[in-house]
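Some notes on the structure that comes next.
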Amino acid sequence: MFSKISVIVESALFLLVQTCAVTASPLAPRFSTECCASFGSSNDPNVMTMLGLLGAPIPDPPTFVGITCTPYDGTTPCDGFIFGCNDVYAGGLIAVDCGGLPN
């Protein structure tokens, strides 16, 4: 699990460097259903680094954070993890304040 998050964090950091501007404004409305490739805790050092680089707030108390997410409407399969998330940043690269939903 840790190695997957590390690879995803490294990939995300590479993509972040390639983008010109990243805003800290959420791109999705409050509580959107997301299919995420991976997830971690907002108090995990790798996840905290990603949140900081994206300008996203670090939740307190810690919550689940979805990584590499896409909107999910239930009509197509989700090969990852389905979450209900309150905020989505950087085009779905990271979703904050998530709770698991049944697959």
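Residues -24 to -1, 1 to 79, numbered by mature numbering (1 follows the signal peptide of the UniProt record, and there is no 0), are exactly what the sequence shown covers, in order. Backbone N, C-alpha and C fix where the C-beta goes; we use that ideal spot for every residue, glycine too.
Distance between A66 and L30 (C-alpha atoms, nearest Å): For the purposes of this step, residue 30 is identified with residue 54 of the sequence shown, where counting begins at 1. For the purposes of this step, residue 66 is identified with residue 90 of the sequence shown, where counting begins at 1. Using only the alpha carbons, I get a separation of about 7 Å.
Are there 16 or more other CB atoms within 10 angstroms of the CB of G50, so buried, or fewer, so exposed? Here residue 50 refers to the residue found at position 74 of the sequence shown. By the 10 Å Cβ count, G50 comes out exposed.
Could you tell me whether the Cβ atoms of D73 and P21 are closer together than 8 Å? Counted from its first residue, the sequence shown places residue 73 at position 97. Counted from its first residue, the sequence shown places residue 21 at position 45. Contact flag unset, no.
Name, in chain order, the residues that DSSP records as bridge partners for I43. As a position in the sequence shown, residue 43 is number 67, starting the count at 1. Answer by DSSP bridge pairing, in chain order: S14, I70.
Under the three-state DSSP convention, the category F59 falls into: Taking the first residue of the sequence shown as 1, we reach residue 59 at position 83. Strand.
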